[in-house]
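Peer 1: Before anything else, here's the structure in question.
Residue numbers (our numbering): 415 to 846.
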C-alpha cells in the first residue's frame with residue numbers, strides 16, 4: 415500500500431485524492447476493455463446465466479464460479495454482466511479481472527478500486543486509507559454503507575491470482591457475513607486457493623468443458639466474425655472432435671492462428687501442427703515459436719517479438735502503441751523495419767487494444783511469456799529500469815505519473831524512488 419501511494423508529508427490529502435482518482439479511473443477503463451474483449455464472440459450457455467441470475471436475485475452468500483483454466487469463466491462473467499446491466503441499469507455493477515496486468519493482482523489496488531466505485535456510485539464520504547489495516551476497515555465500511563443505499567453486484571475474476579503470500583489468508587479481507595444488498599461473484603480455478611475458499615461453504619457453480627455442438631457453434635461464429643474462408647467442413651469436424659478443443663481458450667487461440675492466413679490450401683497442415691499440442695501451454699508455445707521464427711518480423715533474431723512481449727509484461731497497466739514504438743526506436747525490428755501497426759492486427763487473439771492501450775488478452779499468454787523471457791530476476795529488473803528510464807524522461811504526462819514510480823518500485827531502485835517522492839517539483843500541478 416505505502417509503496418504505491420506513499421504519504422511523505424509533501425503531498426496533501428487533496429493531491430493524493432486526485433492521483434488516486436486518475437489512476438483508478440484508468441484501471442476501470444482497462445477492466446472494461448478486457449470485459450469487452452470477452453463479449454465479442456460468445457456462445458451463450460443459458461444454464462449458467464440462469465444460475466447467476468438466481469444468485470443475484472437471492473440472499474445467499476457469495477457465489478464461487480470455478481472450472482479449469484481456460485474454461486471460459488472470464489467470458490461467462492463478462493457476458494452475463496453485459497446482459498445484467500442492460501436489464502438493471504440502476505444497479506451498481508463492478509467487475510475486476512485479477513492478473514490482466516501486474517497492478518490488478520494487488521489486493522490493495524483491488525480494494526481501493528472497489529471503494530472508489532462504491533463511493534462515487536452511492537455518494538459515500540471519501541476515505542483514503544494509507545496502510546493495509548485501515549484499507550481493510552475502509553473496504554468493509556464501504557460495503558455496509560453502500561448496502562444501506564442500494565444494490566451492488568461485485569464480480570472478482572481470478573481470486574487465485576491475488577498477490578497474497580499466504581493462501582490461507584486469501585479471503586481475510588472479505589467479511590464472512592456480507593450485506594444482502596451486496597452480491598458477490600468470485601471466480602477461482604481449482605487448486606490451493608479454491609480449497610481455502612471452499613471452507614467457507616459458499617455455493618459453487620462449476621463451468622464444464624464445451625460439448626461438440628458448442629465447439630462447432632464457436633467456430634462458425636469466429637469464421638463469420640473474421641470473414642474467414644480458411645476452413646472447410648472437414649477441417650471443422652477435425653477440430654471439434656479433438657479433445658483439446660473442449661477447452662474454450664484452446665479453441666479461441668487455435669482459431670486465431672488458423673484465421674491469420676486465409677488460405678485453405680495450408681489449413682490442414684496448420685491444424686495438424688497445432689492440434690499436436692496436448693494442452694494450452696503447449697499450444698501457446700507453438701504460437702510463440704511461430705512469431706520468433708518469422709524472419710519478416712524479427713530480422714536476424716527473435717528480439718523484436720521478445721522485446722514487445724517483455725515490455726508489455728513489465729508495464730503496470732499496459733502500453734500505448736506510440737510508447738512501444740518509442741521504446742523500440744534504435745533497434746532493427748526486421749529487414750523491412752516492420753512497424754508495430756502491421757503486427758497488431760494479427761495478434762487479436764493474444765493482445766487487447768482499447769483507446770490505444772495494449773495489454774495481454776489471456777493470463778495464460780502472460781504466464782507463458784514470463785516463463786520464456788522474464789524468469790530471471792536480473793532480466794525482469796532490466797526491463798523495469800528500461801521503462802522507468804523512458805517514463806522518467808517525461809514525468810509531466812499522466813501516463814508517466816502512473817508508471818514511473820511503479821517501475822522504480824518493481825526495479826527496487828529505492829534511492830531514485832525516494833528522491834522522486836521527496837521532491838515536490840515532480841508533482842506537476844497542471845495535470846491535477
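The beta carbon of each residue, even a glycine, is placed where N, CA and C say it ideally should be. In this text, all values refer to a predicted model and were calculated from it rather than measured experimentally.
Can you give me the Cβ contacts of residue 474 inside the same chain, cut-off strictly under 7 Å, excluding the 5 residues immediately before and after it?
Peer 2: Looking up residue 474 in the chain shown gives position 60. Taken in chain order, the residues that qualify are 617.
Peer 1: If distances are taken between C-alpha atoms only, which option among 650, 620 and 640 comes closest to residue 627?
Peer 2: Walking along the chain shown from the start, residue 627 turns up at place 213. Nearest C-alpha to residue 627: 650.
Peer 1: Spatial neighbours of residue 566 within its chain, please: C-beta separation below 6 Å, excluding the five flanking residues on both sides.
Peer 2: Residue numbering aside, residue 566 sits at position 152 when the chain shown is read from its first letter. Closer than 6 Å at Cβ, skipping near neighbours: 506, 560 and 596.
Peer 1: What residue does the beta strand (DSSP E) around residue 403 start on, and which one ends it?
Peer 2: There is no way to answer for residue 403, as the model of the chain reaches only from 415 to 846.
Peer 1: Between residue 774 and residue 726, which are expected to be in contact by the criterion C-beta below 8 Å, what is the C-beta distance as a whole number of angstroms?
Peer 2: Counting from 1 along the chain shown, the entry for residue 774 is found at position 360. Counting from 1 along the chain shown, the entry for residue 726 is found at position 312. About 6 Å; that satisfies the 8 Å criterion.
Peer 1: Quick one: measure Cβ to Cβ for residue 484 and residue 694, integer angstroms, because I've assumed they're closer than 8 Å.
Peer 2: On the chain shown, residue 484 is found 70 positions in, with the first residue counted as 1. On the chain shown, residue 694 is found 280 positions in, with the first residue counted as 1. About 5 Å separates the two Cβ atoms, so the contact holds.
Peer 1: Bridge partners for residue 620 per DSSP, in chain order?
Peer 2: The count along the chain shown starts at 1 and reaches residue 620 at position 206. Looking at the DSSP assignment, residue 620 forms a beta bridge with 480.
Peer 1: Give the single residue among 446, 728, 463 and 771 whose Cα lies nearest to the Cα of residue 793.
Peer 2: By one-based count along the chain shown, residue 793 stands at place 379. Minimum Cα distance to residue 793 is reached at 728.
Peer 1: Grouping DSSP H, G and I as helix and E and B as strand, with all else coil, what is residue 683?
Peer 2: Taking the first residue of the chain shown as 1, we reach residue 683 at position 269. Residue state, collapsed to three classes: helix.
Peer 1: Could you tell me how far apart the beta carbons of residue 599 and residue 573 are, in whole angstroms, since I believe they sit closer than 8 Å?
Peer 2: Sequence index remark: in the chain shown, residue 599 carries index 185 (1-based). Sequence index remark: in the chain shown, residue 573 carries index 159 (1-based). Their Cβ separation, rounded to whole angstroms, is 11 Å, which puts residue 599 and residue 573 out of contact at 8 Å.
Peer 1: Can you give me the C-alpha to C-alpha distance between residue 835 and residue 622, rounded to a whole angstrom?
Peer 2: Numbered from 1 along the chain shown, position 421 holds the residue referred to as residue 835. Numbered from 1 along the chain shown, position 208 holds the residue referred to as residue 622. Using only the alpha carbons, I get a separation of about 49 Å.
Peer 1: Looking at the structure shown, is residue 571 part of a helix, part of a strand, or coil, going by DSSP?
Peer 2: Within the chain shown, numbered from 1, the residue matching residue 571 stands at position 157. Residue 571: strand per DSSP, three-state reduction.
Peer 1: Does the contact criterion of 3 or more C-beta pairs under 8 Å hold for the region 445-464 versus the region 672-684?
Peer 2: No, because fewer than three Cβ pairs between the region 445-464 and the region 672-684 fall closer than 8 Å, the two stretches do not touch.
Peer 1: What is the DSSP secondary structure of residue 511, reduced to helix, strand or coil?
Peer 2: For the purposes of this step, residue 511 is taken as residue 97 along the chain shown, with counting starting at 1. Correct three-state label for residue 511: strand.
Peer 1: How many Å lie between residue 448 and residue 668 at the Cα?
Peer 2: Within the chain shown, the letter at position 34 stands for residue 448. Within the chain shown, the letter at position 254 stands for residue 668. Those two C-alpha atoms are separated by around 20 Å.
Peer 1: Give me the Cβ distance between residue 609 and residue 488, rounded to the nearest whole Å; I'm assuming they're in contact under 8 Å.
Peer 2: Indexing the chain shown from 1 puts residue 609 at position 195. Indexing the chain shown from 1 puts residue 488 at position 74. The pair is not a contact, with the Cβ atoms about 21 Å apart (cut-off 8 Å).
Peer 1: Is the distance from the Cβ of residue 478 to the Cβ of residue 657 below 8 Å?
Peer 2: Position 64 of the chain shown, counted from the start, is the residue given in the question as residue 478. Position 243 of the chain shown, counted from the start, is the residue given in the question as residue 657. Result no, Cβ atoms of residue 478 and residue 657 do not sit closer than 8 Å.
Peer 1: Let me check you understand the geometry: is the CB of residue 464 closer than 7 Å to at least one non-hydrogen atom of the ligand ADP?
Peer 2: In terms of ligand content, the structure shown is empty, and the ligand ADP therefore cannot be addressed.
Peer 1: Tell me, please, which residues DSSP counts as bridged to residue 598.
Peer 2: As a first step, residue 598 must be located in the chain shown, where it is residue number 184. Answer by DSSP bridge pairing, in chain order: 568.
Peer 1: Pull up the DSSP beta-bridge partners for residue 772, would you.
Peer 2: The count along the chain shown starts at 1 and reaches residue 772 at position 358. For residue 772, which the question treats as bridged, DSSP gives the partners 733 and 767.
Peer 1: Our contact map puts residue 732 next to residue 515 with C-beta atoms below 8 Å; I'd like the distance itself, whole angstroms only.
Peer 2: On the chain shown, residue 732 is found 318 positions in, with the first residue counted as 1. On the chain shown, residue 515 is found 101 positions in, with the first residue counted as 1. Contact flag correct, Cβ pair sits at about 6 Å.
Peer 1: By the 10 Å Cβ neighbour count, where 16 or more other Cβ atoms means buried, how is residue 666 classified, buried or exposed?
Peer 2: The residue labelled residue 666 in the question sits at position 252 within the chain shown. It counts as buried.
Peer 1: Would you kindly work out how many angstroms separate the C-alpha atoms of residue 781 and residue 724, rounded to a whole number?
Peer 2: The residue you call residue 781 lines up with position 367 of the chain shown. The residue you call residue 724 lines up with position 310 of the chain shown. Residue 781 and residue 724 have their C-alpha atoms some 11 Å from each other.
Peer 1: Starting from residue 612, follow the alpha helix (DSSP H) in both directions and report where the run begins and ends.
Peer 2: Reading the chain shown from its first residue, position 198 is the one you call residue 612. If you look at residue 612, you'll find it in the alpha helix (DSSP H) that goes 606-612.
Peer 1: Using only alpha-carbon positions, find the residue among 536, 648, 557 and 778 that is nearest to residue 682.
Peer 2: Translated into the one-based positions of the chain shown, residue 682 becomes position 268. Nearest of 536, 648, 557 and 778 to residue 682, Cα basis: 648.
Peer 1: Would you mind sorting residue 486 into buried or exposed? The rule is 16 or more other CB atoms within 10 Å of its CB.
Peer 2: Residue numbering aside, residue 486 sits at position 72 when the chain shown is read from its first letter. So residue 486 counts as buried.
Peer 1: Nearest to residue 556 by alpha carbon, out of 762, 663, 831 and 526?
Peer 2: Taking the first residue of the chain shown as 1, we reach residue 556 at position 142. The shortest Cα separation from residue 556 among 762, 663, 831 and 526 belongs to 526.
Peer 1: By the three-class DSSP mapping on this structure, what secondary structure does residue 506 have?
Peer 2: Translated into the one-based positions of the chain shown, residue 506 becomes position 92. Strand, per DSSP.
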